[in-house]
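Some notes on the structure that comes next.
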Ligand SMILES: CC(C)(COP(=O)(O)OP(=O)(O)OC[C@H]1O[C@@H](n2cnc3c(N)ncnc32)[C@H](O)[C@@H]1OP(=O)(O)O)[C@@H](O)C(=O)NCCC(=O)NCCS
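Numbering (UniProt numbering), first residue to last: 1 to 150.
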């Protein structure tokens, strides 16, 4: 269970577990960033355990995290970066409504080499896939379908 108290749902970053039929399949993460020092965006990430990859879980988890962040925070931009060879993540992001913005050249030094990154984003008004019931957290209390309606 992740709560604001244990720091997993923080104001500047957070992590949520991806759960499939009560089993942990991996996690998604988000952290804040800003290009101008005042306008905030989120950068999201994901890692699934090998046995849960390639089953349509990754794009859905990223789409649900994106919906959650747009639903609960006022940002208009959510971004994600991946490596040129990570086709699974590129396709997964595109299925989650993200668009390729460009190549971030030599953005990472790893294993003795500088590596490029592909930067993707989804803006609040960009079309996204329908996952779940349209609200990640479900109906709001007091609204039709909300807890007090029963
Ligand atoms: C990257 C990752 C999140 C993708 O999630 P996933 O559940 O495996 O992918 P999905 O099943 O949602 O598939 C999404 C699309 O990618 C395609 N895809 C999945 N695995 C693929 C692979 N290995 N190669 C090529 N395409 C692949 C799927 O076919 C699907 O496209 P389609 O609908 O056109 O067929 C997951 O594989 C993972 O956690 N990998 C290891 C960690 C990682 O790379 N994280 C991202 C770091 S930037």
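By construction, the Cβ of each residue, glycine as well, lies at the ideal position given by its N, Cα and C atoms.
Under the three-state reduction of DSSP, which class applies to residue i: helix, strand or coil?
i, result
"residue 89", "helix"
"residue 130", "coil"
"residue 114", "strand"
"residue 158", "For the chain, the structure presents residues 1 to 150; residue 158 sits outside this window and is missing."
"residue 125", "coil"
"residue 147", "Model confidence at residue 147 stands at a pLDDT of 37, short of 50, so the residue's coordinates are unreliable; what they give is reported in the following sentence. In this structure, residue 147 counts as helix in the three-state DSSP scheme."
"residue 5", "helix"
Over the uninterrupted alpha helix (DSSP H) stretch that includes residue i, give me the two end residues.
i, result
"residue 98", "Per DSSP, residue 98 belongs to no alpha helix (DSSP H) and is neither H nor E."
Could you pull the start and end residues of the beta strand (DSSP E) that residue i belongs to?
i, result
"residue 24", "23-34"
"residue 47", "40-48"
"residue 20", "13-20"
"residue 53", "From DSSP, residue 53 is part of no beta strand (DSSP E); its letter is neither H nor E."
Return the Cβ separation of residue i and residue j in integer angstroms, given the expectation that the two are a contact with Cβ distance under 8 Å.
i, j, result
"residue 13", "residue 32", "7 Å"
"residue 66", "residue 26", "About 16 Å separates the two Cβ atoms, so there is no contact after all."
"residue 124", "residue 70", "6 Å"
"residue 83", "residue 115", "6 Å"
"residue 64", "residue 20", "The Cβ separation is near 12 Å, so there is no contact."
"residue 59", "residue 11", "No, residue 59 and residue 11 are not in contact; Cβ-Cβ is about 27 Å, not under 8 Å."
Decide if residue i is buried, meaning its Cβ has at least 16 other Cβ atoms within 10 Å, or exposed.
i, result
"residue 105", "exposed"
"residue 100", "exposed"
"residue 94", "exposed"
"residue 150", "Note that residue 150 scores a pLDDT of 28, beneath 50, so its modelled location is shaky; the value from the coordinates is reported in the next line. Exposed: under 16 other Cβ atoms inside 10 Å."
"residue 28", "buried"
"residue 111", "exposed"
"residue 18", "buried"
"residue 47", "exposed"
Stretch pair the stretch 38-48 + the stretch 77-85: three plus CB contacts closer than 8 Å: yes
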